Amino acid sequence: MASEVQEAPRRALTIFLMGSGGDGVITAGELLARAAAHDGLGCHLTKSFGPQIRGGESAVWLQVSADEVRSPAVSADVVMALSWESFPRFAGQLDLSPGTLVLVDEADSKAPDQIEDREGNPLTAVRVPIRRLAEEETGSQLGRNLVALGFLSALLGLPAETIPQAIAKRLKKRGGTVVANNVRAFERGQALAGESLYVALGAKLARGDKRPRIFMSGNDAVTLGALYSGVEFFAGYPITPASEILSSLAAELPGIGGTVIQAEDEIAAMTMVIGASFGGKKAMTATSGPGLSLKTEAIGLAAHAEIPCVIVNVQRGGPSTGMPTMTEQADIQLAVYGAHGDVPRVVIAATDTRGCYEATVKAFYLAERYQTPVIVLTDQLIGHRLEALPADSFEPHESFSKVNRRTVPEDNPTEPYKRYRLGRNPISPMSHPGIEGCAYRTSGIVHQENGCPTSDAGIHHVMNEKRQRKMDMLLKEMGGFQVVGPDEAEFGIISWGSTSGAALDAAARLTARGRRTSVCIVELLHPLPAEGIAAYAAKRRHLAVAELSYSAQFARLLRSEGVPLLDALLIHRGGGHPLLASEIERRLEEQFQ
Amino acid sequence: MASEVQEAPRRALTIFLMGSGGDGVITAGELLARAAAHDGLGCHLTKSFGPQIRGGESAVWLQVSADEVRSPAVSADVVMALSWESFPRFAGQLDLSPGTLVLVDEADSKAPDQIEDREGNPLTAVRVPIRRLAEEETGSQLGRNLVALGFLSALLGLPAETIPQAIAKRLKKRGGTVVANNVRAFERGQALAGESLYVALGAKLARGDKRPRIFMSGNDAVTLGALYSGVEFFAGYPITPASEILSSLAAELPGIGGTVIQAEDEIAAMTMVIGASFGGKKAMTATSGPGLSLKTEAIGLAAHAEIPCVIVNVQRGGPSTGMPTMTEQADIQLAVYGAHGDVPRVVIAATDTRGCYEATVKAFYLAERYQTPVIVLTDQLIGHRLEALPADSFEPHESFSKVNRRTVPEDNPTEPYKRYRLGRNPISPMSHPGIEGCAYRTSGIVHQENGCPTSDAGIHHVMNEKRQRKMDMLLKEMGGFQVVGPDEAEFGIISWGSTSGAALDAAARLTARGRRTSVCIVELLHPLPAEGIAAYAAKRRHLAVAELSYSAQFARLLRSEGVPLLDALLIHRGGGHPLLASEIERRLEEQFQ
Amino acid sequence: MSTVPTYTWKDYRSGLAPVWCPGCGDFSVVAAIYRALAELRIAPHQLAVISGIGCSSRLPGYTTAYGFNAIHGRAIPLATGLKAARPDTEVLVVGGDGDGFSIGGGHFPHAARRNVDMTYIVMDNCIYGLTKGQTSPTTPLGEKTATSRYGWPEQPANPLNLALAYGVSFVAQGFAGDMRTLKSLFVEAMRWKGFAFVEVHSPCVTYRGREQFDVVRERARPVPEDHDPTDRTAAFALADHPEFMYMGVLYKKPQDTYEERLDALRSSAKDASHCGHESFLDQFRTS
Amino acid sequence: MSTVPTYTWKDYRSGLAPVWCPGCGDFSVVAAIYRALAELRIAPHQLAVISGIGCSSRLPGYTTAYGFNAIHGRAIPLATGLKAARPDTEVLVVGGDGDGFSIGGGHFPHAARRNVDMTYIVMDNCIYGLTKGQTSPTTPLGEKTATSRYGWPEQPANPLNLALAYGVSFVAQGFAGDMRTLKSLFVEAMRWKGFAFVEVHSPCVTYRGREQFDVVRERARPVPEDHDPTDRTAAFALADHPEFMYMGVLYKKPQDTYEERLDALRSSAKDASHCGHESFLDQFRTS
Ligand SMILES: Cc1ncc(C[n+]2csc(CCOP(=O)(O)OP(=O)(O)O)c2C)c(N)n1
Ligand SMILES: Cc1ncc(C[n+]2csc(CCOP(=O)(O)OP(=O)(O)O)c2C)c(N)n1
Ligand code: SF4
Ligand code: SF4
Ligand SMILES: [Mg+2]
Ligand SMILES: [Mg+2]
């Protein structure tokens, strides 16, 4: 088998670890990934589950690399099966190739004698005594994940101590014997790999510099961003894949004087947020597609009454209940255009874990500065994926902390207070209960400067204008997109959100092969920096738009807002599985060869 | 004053009748308009109210014409004030000119001595003894509306008997004396006009042929269309300006075996409709903006589960509660793009009363044939406006009655029934409770052919495709737009919904002045016949898009779906008042002189 | 001579294997439903099982009936529309405490007021199972869950009280740990003409532990023999009992069903006026 | 030495003239609110009046307080958010029967369970006034309205029963025809620590006629002197009375407020762990 092992230092490796319910695949994956991150490797951990809450199949993808990992892979270098039984569930998303090393328990009766890839080519399958070793050390097959962990950690050449320390910490409560047994199971796994030559696969993986890392999901980064921004109020309703934000803030906010309410539904959550912000507090909610659909009416109210608030929407597969645990990028039109009437609102997108943090911080800044609802679009892929990041990834943002809160009038001003004062500056100070002399009444009905209802079409017009002018100002302030890649790129890919990583990887590979390609990542979806994007597009000889939506919602948005796409290649499909760098690359090559 | 009267036969006349609460302005306006319609005049009656439920100001615009009336006017030839008090409320929308004849009660102390237009030019104001005559005949000032009615009916040269007959019918229950008094008040008004020369104003109005007419609002036409289509179930929640559809169907449907439920909210209404349609019945709801926002999630379910249903949305001023009794065309993006995920649905638009009927009939046809939710967009202007139409305007529609109901499987089929069978025809027969051997389970979760849930991305793709292919078929079947005007028009106006009438009038006037102008009226907003519209656009030297939305939602939709508008002139503004032919005309002239 | 077909419980079980966690209370509920249906001899194609979203809401998929696992919280109005469309269909609504009392809580009172002839079975586990253990409206005060690390600060709702206040015409309580009683409650509920509500304590073993079975079992008592089920005040008292959970029928009082009232209304409409397309149009003719 | 400012009812009346129909019951309600506020000496800028949409929901505009005439049915959650954000603000929620029991009916039980410290005044006219006379959840069975030409086929909801079943800690009933009692009920409700609900019969003269004042007046009785307002079963019985409408406080029982529980929870959170940005981030450090 040694012949199969690449001798040149590899820069990246993908491990797929799968099992059935109770196999402890997720725990093993997380421990392995944390240790790899700590050892200086870039890494992404993606989890995959069956429909069962408990007892179903589960798997983790671990992508490790000497460089930053930017986009998902489906090809696996190593597949480790704790139960082969779960293989059919994942077969569709696994791209196995003759180079893939498949590790199967020697005692697994469900595994066929000959393991093949989708084309029927035989794969290198090795039987390993995982279960036997586990039983020997822990007296139970439950220790199998530790043996596997040991094996894989040796394979990655991770320092021998890191993981045993983590095991000890996790199992401390269960007593010294349990810890010792489990650590021994781990070590047997290590040794098992050490005896073989597979260890060369990963041990020789080039390393980045060894610095402590942060290993975090996008949803956690949203929470972090909200805490950094000083969120004071959160109301939400549980929904996959956004619930972690509610849970985390429910744990964090009360201790610093804030409030978290688990509302009775999404409409209540959204209107609670409006109420808290009417009360002068920084307020936020988080949801996924079905919840965003329900919030539509209330978001219109927030825009109309100029209520600052942040709405995080972690997209999942749709339409309707769709595929709650899988990703898609098809809530963009709802975010940008949902709600009756002309409703200016801000929509910004996050591309990865760090992006989730940044978008949230920006969202609070924009909401408070421009007194408007701001929708942050992330998705299941980045919401749930764990990424290793440099420890200083979340340094304070000078530019976005400068406006900490909406402008508020003074008590007892000399002139009568007008909530929606019209003037050169479309942003008018916002009072809140408690400020004397500035009480006002507002409503969802068209209002005058002082908030009183009116049915005067002229006032309707100037208030429409006021809200639109805020968007114009905001657009001027924010760049709204970012171009990565060679300056004079001939190929251009316009992308957004979690697909951007794949676009970047595709561009890098194309550029490496002589086709200079850059990527325009759109961060501000509304108001859209259409001019800048159009200018970028105009300079490319070949243009593609890449996104994970069956109906190409992003491309439609670009056209709608004035980016004429004309001959652009639209790379798009429905979700479930993320769009891959290889797909984008192939489509571009085919089209523009 | 005779000198002011045009001697050449007029073809159109606009009367503005206003008063305070209890003045009976609406009753008088309706009686007058019905009589005018019966006498062969084209006519539109538009009502306008203050925010009060009772006791506020109210007014009617009556536009009569020898030809069909197509679009609203704001210039008035005659203003009749039962109470001058209400004038400020309407001043903003009234376009008075030196030619306007203003009739004020001689006893009205609120009226100034000199009545002026907005520029301060003095107007022809005549003091008439309306109140005195009313008191003489009915013993109360409550009869003022009848005196005014008599006056205006003489002015329009309507046959002397028609209105007294109608009065007698209306007041029958209140006894002979009341009828006699009121008829006399009416006759005094007639005589008053007769004594003067004003009568020449309208009496000489050219007439169309005298045939019985139908005098009906758009909302009533929707109800009629639904009844014609055999609607079996309606669920709705009251909302201005759509409530009349609920009220009328609640009166009509039970008697023919159907069901109407006033639901607890719009979400309930929409899901009740889904339930009834799942049960195999033709089902429908009607709402306005805020309600459509709330239905967003459920519409996604209907599209995903392929449930036929019709959703009528009578647009009003937005965002949020906005201007409930005034018109706007700004729910188009919500209708076309609202809902998370990729949600194909059909959106069709109505332009006027007859259009409301036709769109509703088409909607049922399309919903049942393609098993999809169909949204019909109308608006407050056409929903509430009363129009005179030829008696044969609502003849059965051959083409749209051919598919009466979705295809349904037979009891106990030989092959296992699959609700979402994939095949060459994307339309798969739909079973319902009661059919033996075809029970199936469906859901909002991604489903397999038999309706069972799945998280297989491949199936997600083919089901996306199935739904999209239905839209492609539908688009091929329907024209989706209509071009009116000279073949080789140099100017083109693309418009939709209630603004189309103004576009047609603008085009006619421009053409008459030598600028050959045609109008492309888009009826199918989604799936959009983009190719056809683009071809139309490409042939015009100058292009404009006309709509009543501050943010130009229609123009954005055109671009989004692939109609490159490039240099087109976007004529758009927020609602409240409808877009006028004169505005469109002026903008086109300014831009393309 | 026509023969009434007979069914066994297996005739109602679909080929789809439940994805519920081993030990979940919902297994007994579906088993009791199969058996109640067999006893009532309801043909699967004459039955519709409607739900929202949740672990419990997956139940329709495990039957051979017409089924709709719709959107979260909207099972009741969907079923109301269906029942109005097909009054001959037996309509069963099933779901969880979150689905029914939280997001869907605004629909329950209205179906009750209308007295729609259907059976509503709630599998109450005092938690959000499907979304992994957040609090629900019936989670006890002070409990620690995924969304209440420091203890839940809200009083729970009492679903029986709600049903009684809403005027539900048949109110019962059951327990997944007692399948036999459950089955007979379901039989009675489905036979009931009008809206029947059965609150079933169906423990979530994953997020609240197996011991919930014991917790309920210890508090469970049969409805006292001398209880008058037509006495609403007495029913309130049983529902509100601080210690015991009374299993059985707490309240039942016949009342016109929605379907009957709609039928009556259709008759008076027919008597009162000409209805429908032609006569509606006639109102608008100027002559 | 600080002096407590005094206010007269006019200090709460805004410059906006009500657009209600002459004779509408809501005039008395707003008048009673002005007077209750003056008696309680609540500074207008320390007060927020929140509503949804409806004739009655226009009320905030007629006050000098902070006001939000929001969207239909969502006054309660909006007010809940506001109260959590500004616990020092006196929060008053006002609205109609449609707003509160129909579209907004899903929120009422949860604010009650939480025992949010606010006062909820419903101006119940058994009809949808603003949209011109459609039935509401409290419209009597058989009534003919804009949406029920042949008589309404649904049983009305009993708002007092709802409130009691929801666990509202203060439940009262008043009548627009008796402004004096109304004012004192409002004073008591606003003084109440926790969620206080006042069901006010406020006739819609336009769509149900002036005679509704008489209909209510005839059935109105003061709550019996010997009624124990902490006895919920007794309160149910009064609420359910087939003939009389008992005016006054039917039920009140002190209970921890949501604000108190949230405060307690904040304390235990502070004790339990480091919270906030830095410590949250630390959890994710690989070392
Ligand atoms: C509109 C919407 N919001 C939230 C969700 C997420 N969600 C799915 S099931 C559920 C709650 C499940 O709890 P319950 O109804 O008690 O059922 P259980 O799983 O406990 O049986 C939630 C919040 C959703 N699917 N749709
Ligand atoms: C989402 C939504 N649906 C419907 C409406 C229309 N609407 C406004 S007020 C109202 C009901 C008013 O009834 P109620 O709450 O009893 O107040 P009242 O006018 O009787 O005081 C309705 C249905 C709306 N504004 N928003
Ligand atoms: S999570 Fe709980 S409710 Fe859901 S299947 Fe598992 S045990 Fe049952
Ligand atoms: S319609 Fe009724 S509720 Fe509304 S203001 Fe008039 S009387 Fe009052
Ligand atoms: Mg539950
Ligand atoms: Mg009301």
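Residue numbers (the working numbering), protein chains in the order written: chain A, 48 to 640; chain B, 48 to 640; chain C, -15 to 271; chain D, -15 to 271. Don't be surprised by glycine CBs; every beta carbon is placed ideally from N, CA and C. Owing to the predicted nature of the structure, the values given are computational and were not obtained by experimental measurement.
Tell me the DSSP bridge mates of D/Val75?
Along the fourth sequence, one-based indexing puts residue 75 of chain D at 91. As DSSP reads the structure, D/Val75 sits in a beta bridge with D/Ala32.
Which residues mark the beginning and the end of the beta strand (DSSP E) in which B/Met263 is found?
Sequence index remark: in the second sequence, residue 263 of chain B carries index 216 (1-based). Segment Arg260 to Ser264, the beta strand (DSSP E) holding B/Met263.
Does the Cβ-Cβ distance between B/Leu571 and B/Met518 come in under 7 Å?
Residue mapping note: residue 571 of chain B aligns to position 524 of the second sequence, counting from 1. Residue mapping note: residue 518 of chain B aligns to position 471 of the second sequence, counting from 1. No, the Cβ-Cβ distance between B/Leu571 and B/Met518 is not below 7 Å.
What separation, rounded to the nearest whole angstrom, lies between the Cα atoms of A/Thr419 and B/His351?
Locating residue 419 of chain A in the first sequence gives position 372, counting from the first residue. Locating residue 351 of chain B in the second sequence gives position 304, counting from the first residue. Using only the alpha carbons, I get a separation of about 32 Å.
DSSP state of A/Tyr284, grouped into three classes?
The residue you call residue 284 of chain A lines up with position 237 of the first sequence. In the three-state reduction of the DSSP assignment, A/Tyr284 falls in the coil class, being assigned neither a helical nor a strand state.
Inter-residue Cα distance where the pair is A/Ala209 and A/Tyr404:
The residue given as residue 209 of chain A occupies position 162 in the first sequence. The residue given as residue 404 of chain A occupies position 357 in the first sequence. Checking the sequence, you will find Thr at residue 209 of chain A rather than Ala. Cα to Cα, the separation comes out at about 28 Å.
Comparing the CB of B/Asp70 with every heavy atom of ligand 5, is any distance shorter than 6 Å?
Position 23 of the second sequence, counted from the start, is the residue given in the question as residue 70 of chain B. No, Cβ of B/Asp70 sits at least 6 Å from all heavy atoms of ligand 5.
Using the rule of at least 16 other Cβ atoms within 10 Å of the residue's Cβ for burial, across every protein chain shown, is C/Val(-12) buried or exposed?
The sequence position of residue -12 of chain C within the third sequence is 4, counting from 1. With fewer than 16 Cβ atoms within 10 Å of its Cβ, C/Val(-12) is classed as exposed.
I'd like to know whether the C-beta of C/Phe52 is nearer than 7 Å to at least one C-beta of chain B.
Indexing the third sequence from 1 puts residue 52 of chain C at position 68. Answer yes: the Cβ-Cβ gap between C/Phe52 and chain B drops below 7 Å somewhere.
Going by C-alpha to C-alpha distance, which of B/Glu483, B/Asp142 and B/Pro176 sits closest to B/Arg165?
As a working note, residue 165 of chain B is residue 118 in the second sequence. It is B/Asp142 whose Cα lies nearest to the Cα of B/Arg165.
For B/Val126, which beta-bridge partners are listed by DSSP?
Within the second sequence, residue 126 of chain B is the residue found at index 79, counting from 1. In the DSSP assignment, B/Val126 forms a beta bridge with B/Phe63 and B/Val149.
Is the Cβ of B/Ala83 closer than 7 Å to any Cβ of chain C?
Stepping through the second sequence from its first residue, residue 83 of chain B is reached at position 36. For B/Ala83, the answer is no, since every Cβ of chain C falls outside 7 Å of its Cβ.
Reducing DSSP to helix, strand and coil, say where D/Ala1 ends up.
For this step, residue 1 of chain D is matched to residue 17 along the fourth sequence. In the structure shown, D/Ala1 sits in coil (DSSP, three-state: anything other than H, G, I, E or B).
Sort B/Lys257, B/Gly621 and B/Asp614 by Cα distance to A/Val390 and report the nearest one.
Counting from one through the first sequence, the residue named residue 390 of chain A turns up at place 343. If we check each option's Cα against that of A/Val390, B/Gly621 comes out closest.
I believe A/Pro500 touches A/His494 by the beta-carbon criterion, under 8 Å. Please report the beta-carbon distance rounded to the nearest angstrom.
By one-based count along the first sequence, residue 500 of chain A stands at place 453. By one-based count along the first sequence, residue 494 of chain A stands at place 447. Confirmed, Cβ separation roughly 6 Å.
Examine chain D for any beta-carbon lying closer than 7 Å to the beta-carbon of B/Val52, and answer yes or no.
Locating residue 52 of chain B in the second sequence gives position 5, where the first residue counts as 1. Residue confidence is low: B/Val52 scores 35 on pLDDT, short of 50, so the model does not pin down where it sits. No coordinate-derived value is stated.
Output needed for D/Arg216: all residues of its chain with C-beta closer than 7 Å, excluding positions within five of it in sequence on either side, in chain order.
As a position in the fourth sequence, residue 216 of chain D is number 232, starting the count at 1. The answer, listed in chain order, is Leu148 and Tyr235.
8 Å contact criterion, which B/Met317 and B/Lys342 should meet: CB distance rounded
To locate residue 317 of chain B, count along the second sequence from 1; it is residue 270. To locate residue 342 of chain B, count along the second sequence from 1; it is residue 295. Cβ atoms of B/Met317 and B/Lys342 come within 8 Å of each other, at about 4 Å.
If we count the other Cβ atoms within 10 Å of its Cβ and call it buried at 16 or more, is A/Val607 buried or exposed?
For the purposes of this step, residue 607 of chain A is taken as residue 560 along the first sequence, with counting starting at 1. Reading off the sequence shown, one finds Ser at residue 607 of chain A, where the question assumed Val. Buried, because 16 or more other Cβ atoms sit within 10 Å of the Cβ of A/Ser607.
Closer than 7 Å, CB to CB, is D/Pro6 near chain B or not?
Your numbering for residue 6 of chain D matches position 22 in the fourth sequence. Closer than 7 Å to some Cβ of chain B, the Cβ of D/Pro6 qualifies, so yes.
Contiguous alpha helix (DSSP H) assignments of at least 4 residues, all confined to the region 390 to 428 of chain B
400 to 417
Do we get a CB-CB distance below 7 Å when we pair A/Ser492 with the residues of chain B?
For this step, residue 492 of chain A is matched to residue 445 along the first sequence. According to the sequence as given, residue 492 of chain A is Ile; it is not Ser. Interface residue, yes.
Cβ of B/Ile286 versus every heavy atom of ligand 2: is any distance shorter than 6 Å?
Position 239 of the second sequence, counted from the first residue, corresponds to residue 286 of chain B. Yes - ligand 2 has a heavy atom lying nearer than 6 Å to the Cβ of B/Ile286.
Quick one, which residues of the region 266 to 293 of chain B are near chain C if we go by CB-CB under 8 Å, in chain order?
Asp267, Thr270, Leu271, Leu274, Tyr275, Glu279, Phe280 and Ala282
Can you tell me whether A/Tyr487 sits near ligand 1, meaning its C-beta is under 6 Å from at least one heavy atom of the ligand?
Indexing the first sequence from 1 puts residue 487 of chain A at position 440. Checking the Cβ of A/Tyr487 against ligand 1 gives no.
Hey, D/Val272 and D/Phe159: beta-carbon distance below 7 Å or not?
Absent from the model: residue 272 of chain D. The displayed extent of chain D is -15 to 271, so no value can be given.
If contact is defined by three or more beta carbon pairs under 8 Å, each pair taking one atom from either stretch, is the region 365 to 375 of chain B in contact with the region 547 to 556 of chain B?
no
With distance defined between alpha-carbon atoms, name the residue in A/His619, A/Pro476, A/Thr224 and A/Val455 nearest to A/Ile541.
Against the first sequence, residue 541 of chain A aligns to sequence position 494. For A/Ile541, the nearest C-alpha among the options comes from A/His619.
So, at 6 Å on beta carbons, what are the nonlocal neighbours of B/Leu595 in its own chain, with the 5 sequence-adjacent residues on each side left out?
By 1-based counting over the second sequence, the position of residue 595 of chain B is 548. Excluding its 5 nearest sequence neighbours in each direction, B/Leu595 has C-beta neighbours in its own chain below 6 Å: Glu375, Gln376, Thr546, Gly622 and Leu626, listed in chain order.
Would you identify the three-state DSSP class for D/Leu43, choosing helix, strand or coil?
To locate residue 43 of chain D, count along the fourth sequence from 1; it is residue 59. If DSSP states are grouped into helix, strand and coil, D/Leu43 belongs with the helices.
Would you kindly report the start and end of the unbroken alpha helix (DSSP H) that includes D/Val189?
As a first step, residue 189 of chain D is located in the fourth sequence; it is residue number 205 there, counting from the start. Note, D/Val189: alpha helix (DSSP H), Val189 to Arg192.
One or two residues paired with B/Thr558 in a DSSP bridge
Residue mapping note: residue 558 of chain B aligns to position 511 of the second sequence, counting from 1. For B/Thr558, which the question treats as bridged, DSSP gives no partner whatsoever.
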